[in-house]
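Below is one structure, written out as structure tokens; the observations come after it.
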Amino acid sequence: MKPLKAHMRHQWVKHLRDEIEKANLSEGKFTLRPPSRFELVEWVNEAWENIPRKTIIKGFTKCKIISTMPTSVEVPESTVEPAERFVDDGAAETNLVLETLLQYDESNLDVIAMREDEDEINLHCDE
């Protein structure tokens with residue numbers, strides 16, 4: 769949470785400075801304009817994008833949302849084809865997160881297929 773809050777605080781201070789600068793350029797009375805919902809969503813989105821993946825996983829592990837992440841995944845040779853013997857750690861982490869969510873009976877969770885060139889987990893939850 770600390771990196772997320774730090775980024776949000778940085779964005780808030782930047783917003784305040786921008787508002788003060790705009791007020792200094794105008795001749796009217798200073799009125800602080802609050803950030804729009806769109807701006808706030810952008811701040812949160814930027815914060816999440818700037819937090820390293822390992823930091824997010826460590827936070828989820830610390831809060832016991834997911835179990836401890838394995839450093840590597842061993843796959844028995846007899847269960848996979850030779851071309852599939854090497855497992856990407858990112859895919860293993862994704863599978864572990866999804867398995868953990870399923871253990872918590874998240875029935876409204878849809879997993880959208882991830883392309884090999886993507887580095888994000890796309891989840892969709894119906895509310």
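Using our numbering, read the sequence shown as starting at 769 and increasing by one per residue. Just so it is clear, CB atoms sit at the ideal spot from N, CA and C, and this is done for glycine as well. Fair warning: this is a prediction, and the values are worked out from it, not measured in the lab.
Could you have a look at residue i and say whether DSSP puts it in helix, strand or coil?
| i | result |
| --- | --- |
| residue 807 | helix |
| residue 798 | coil |
| residue 833 | coil |
| residue 961 | The requested residue 961 does not occur in the structure, where the chain is confined to residues 769 to 895. |
Between residue i and residue j, how many whole angstroms is the CB-CB distance? I'm expecting something under 8 Å.
| i | j | result |
| --- | --- | --- |
| residue 775 | residue 813 | Rounded, the Cβ-Cβ distance is 10 Å, inconsistent with contact. |
| residue 787 | residue 801 | 6 Å |
For the alpha helix (DSSP H) that contains residue i, what are its first and last residues?
| i | result |
| --- | --- |
| residue 785 | 770–793 |
Hey, would you say residue i sits closer than 8 Å to residue j, going by beta carbons?
| i | j | result |
| --- | --- | --- |
| residue 784 | residue 815 | no |
Straight-line CA distance for residue i to residue j?
| i | j | result |
| --- | --- | --- |
| residue 826 | residue 793 | 45 Å |
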